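Asks: I am attaching a structure below and will ask some questions about it afterwards.
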Amino acid sequence: MAQPYPGNDFGPVTSQPKQTAFRDWHDGLFGCRNDCKSCMYITFCTPCYTCYMYNRYNECSLTGMAVPFSTMLLRSFHRGRERIYGTLFNDCLASIFCYWCTLCQLDRDMKRVESSRGYLDV
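Per our numbering, residue 6 is the first one in the sequence shown, and the count goes up by one each step.
What follows is the structure in structure tokens.
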């Protein structure tokens with residue numbers, strides 16, 4: 006008779022992992038007044054701040070300048086990771102027609118996640 010693998014003493018499952026519910030964005034697309042300093046920086050130094058935002062997720066910071074539609078990519082990545090309601094189509098529309106407001110909203114949400122959790126990347 007084969008011996009069980011040591012450390013294979015799994016007991017009965019008594020609870021299931023909890024699924025985190027979806028949530029809305031912390032504030033609206035046009036909530037720039039909630040963080041005027043960052044919104045001004047995003048407006049007047051967009052490439053630098055976009056690189057900074059990618060770097061916060063431990064991605065190559067040049068992605069913000071080298072990849073077309075990088076704002077849409079970062080928004081959909083953040084939305085998926087943080088379980089925020091929305092669709093790729095909405096991410097695309099927001100990123101094309103409200104580019105700076107989209108970056109500002111994304112930055113505010115990233116900051117809220119960082120302040121509540123202590124870090125952004127999971």
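All residues carry an ideal CB built from backbone N, CA and C; glycine is no exception. Only a predicted model underlies this, so the values are computations on that prediction, with no experimental measurement involved.
So, does the segment 66-74 touch the segment 112-126, judging by three or more C-beta pairs under 8 Å?
Replies: A contact is defined here as three or more CB-CB pairs under 8 Å, and the segment 66-74 fails this definition with respect to the segment 112-126.
Asks: Relative to the alpha-carbon of T25, which residue among C106, L108, G85 has its alpha-carbon at the smallest distance?
Replies: G85
Asks: Checking the sheet assignment: what are the DSSP bridge partners for R191?
Replies: The structure shown has nothing for residue 191, since the chain only spans 6 to 127.
Asks: Could you tell me how far apart the beta carbons of L79 and Y59 are, in whole angstroms, since I believe they sit closer than 8 Å?
Replies: 6 Å
Asks: Please say whether C97 and M115 have beta carbons closer to each other than 8 Å?
Replies: no
Asks: Quick check: the Cα distance between T19 and S100, rounded to an integer number of angstroms?
Replies: Across the structure, T19 and S100 are spaced so that their CA atoms are roughly 44 Å apart.
Asks: Tell me which residues share the same chain as C56 and place their Cβ nearer than 7 Å to its Cβ, disregarding the 5 neighbours each side in the sequence.
Replies: S66, L67, G69, M70
Asks: Do you know how far the Cα of T107 is from the Cα of L93?
Replies: 13 Å
Asks: Any chance you could list the alpha helix (DSSP H) runs of at least 4 consecutive residues sitting entirely within the segment 33-120, in chain order?
Replies: 41-49, 51-61, 68-71, 75-86, 93-102
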